[in-house]
Amino acid sequence: MTVTLLVIAGVVALGDWAAVERRLVHLEYLLKPLTLMLLIAAAASADLPTVKPWIVAGLVFGLLGDVGLMLSDKRAATPDLPFMLGLGSFLIGHVCYLAAFARYGVHGLNVLAGLLIVGGAAVLALPKVLAGARRAGGQELMAVVAAYATMLAAMATLAVGTAAVATAIGGLLFLGSDMLIAFERFVRPVPRGPLLVVSSYHLAQVLILVGLIHSF
């Protein structure tokens with residue numbers, strides 16, 4: 061059942077990527093949440109000893125975050141309520157993933173490797189994002205973005221720390237996807253940015269889940 065649900069989720073995700081690329085907004089509004097719903101069902105049916113509640117919760121909050129960001133007005137000068145609610149949902153989702161990774165078990169050298177990778181990415185992108193957030197919404201928004209970035213960085217670091225290869229890659233892809241969202245929102249558009257965001261995000265969610273599954 062788990063494999064079947066993952067395959068179906070993959071097909072739906074590909075459809076969503078095509079909808080994003082062709083700007084078929086109404087189709088995107090259907091397929092993006094459906095992808096996460098299928099991943100939630102896959103996680104619920106999977107062999108995930110000790111971590112299942114946290115992974116399912118993380119995916120549920122990811123679904124809520126997706127809805128918030130989809131309903132957000134991307135042309136608004138300052139982030140609107142749906143964007144902030146979506147950001148908050150993803151923040152809680154990262155906390156759930158942190159708990160899952162801690163329960164799964166992390167390894168010191170892998171955590172150190174994660175810190176080096178995440179730290180390098182932060183040095184490259186975070187100053188521009190925080191400056192853009194300050195211009196868009198003042199010190200308050202910059203503080204919110206900084207807090208979210210800290211939690212995101214912790215999630216990606218512990219994902220690498222699990223030593224589960226798929227989960228590690230997934231955590232880093234999640235980091236890249238969210239950094240790209242922030243860069244587009246607060247700095248400048250990126251060529252094919254929406255497609256890069258959604259594809260890396262879906263791959264991240266799938267890989268985080270797959271890496272923690274005990275057996276298929």
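The working numbering puts the first residue of the sequence shown at 61, with every later residue one more than the last. Quick reminder that beta carbons are idealized off the backbone N, C-alpha and C, glycines included.
What's the gap between the Cα of residue i and the Cα of residue j?
i      : j      : result
Leu87  : Pro254 : 15 Å
Val127 : Ala173 : 33 Å
Ile241 : Asp133 : 14 Å
Pro249 : Arg135 : 12 Å
Leu175 : Lys112 : 25 Å
Gly75  : Ala160 : 29 Å
Ala185 : Leu272 : 29 Å
Ala203 : Val225 : 32 Å
Gly125 : Ser149 : 5 Å
Of the residues the options, which one's Cα is nearest the Cα of residue i?
i      : options                           : result
Ala73  : Val85, Ile241 and Pro93           : Pro93
Ser237 : Thr110, Gly128 and Ala216         : Ala216
Ala207 : Ile152, Leu90 and Gly118          : Ile152
Tyr265 : Ala101, Ala78 and Ala79           : Residue identity check: residue 265 is Gln in the sequence provided, not Tyr. Of Ala101, Ala78 and Ala79, the residue nearest in Cα terms is Ala101.
Gly168 : Leu119, Arg194, Leu190 and Ala219 : Ala219
Ile229 : Leu201, Ala191, Val270 and Met211 : Val270
Leu212 : Leu235, Val63 and Leu99           : Leu235
Asp107 : Ala193, Ala226, Ala209 and Thr62  : Thr62
Arg82  : Gly231, Ser260 and Arg252         : Arg252
His274 : Ser105, Trp77, Tyr89 and Leu84    : Ser105
Ala214 : Asn170, Glu244 and Val116         : Asn170
Arg194 : Phe246, Val225, Leu158 and Met144 : Phe246
Val178 : Met239, Leu256 and Val116         : Met239
Determine the extent of the alpha helix (DSSP H) in which residue i is found, giving its start and end residues.
i      : result
Asp76  : Thr62 to Glu81
Ser260 : Gly253 to Leu272
Thr217 : Gly168 to Gly221
Pro139 : Note, Pro139: premise wrong, no alpha helix (DSSP H); not H, not E.
Ala226 : Val225 to Phe246
Thr95  : Val85 to Ser105
Leu108 : Premise fails: Leu108 is in no alpha helix (DSSP H) and is neither H nor E.
Verify the contact flag: residue i, CB atom, against every heavy atom of the ligand FMN, threshold strictly below 7 Å.
i      : result
Pro249 : With respect to the ligand FMN, the structure offers nothing, as it holds no ligand at all.
Within 8 Å (strictly less), CB to CB, does residue i reach chain C?
i      : result
Ala264 : Reference to chain C is not applicable here, since this structure consists of a single protein chain.
Am I right that residue i and residue j are in contact with their C-beta atoms under 8 Å? What's the rounded C-beta distance?
i      : j      : result
Pro139 : Ala103 : In fact, because the Cβ distance is near 29 Å, the residues do not count as touching under 8 Å.
Leu267 : Thr227 : 7 Å
Leu233 : Leu263 : 5 Å
Leu65  : Leu98  : 6 Å
Val189 : Phe121 : With a Cβ gap of about 22 Å, Val189 and Phe121 do not count as contacting.
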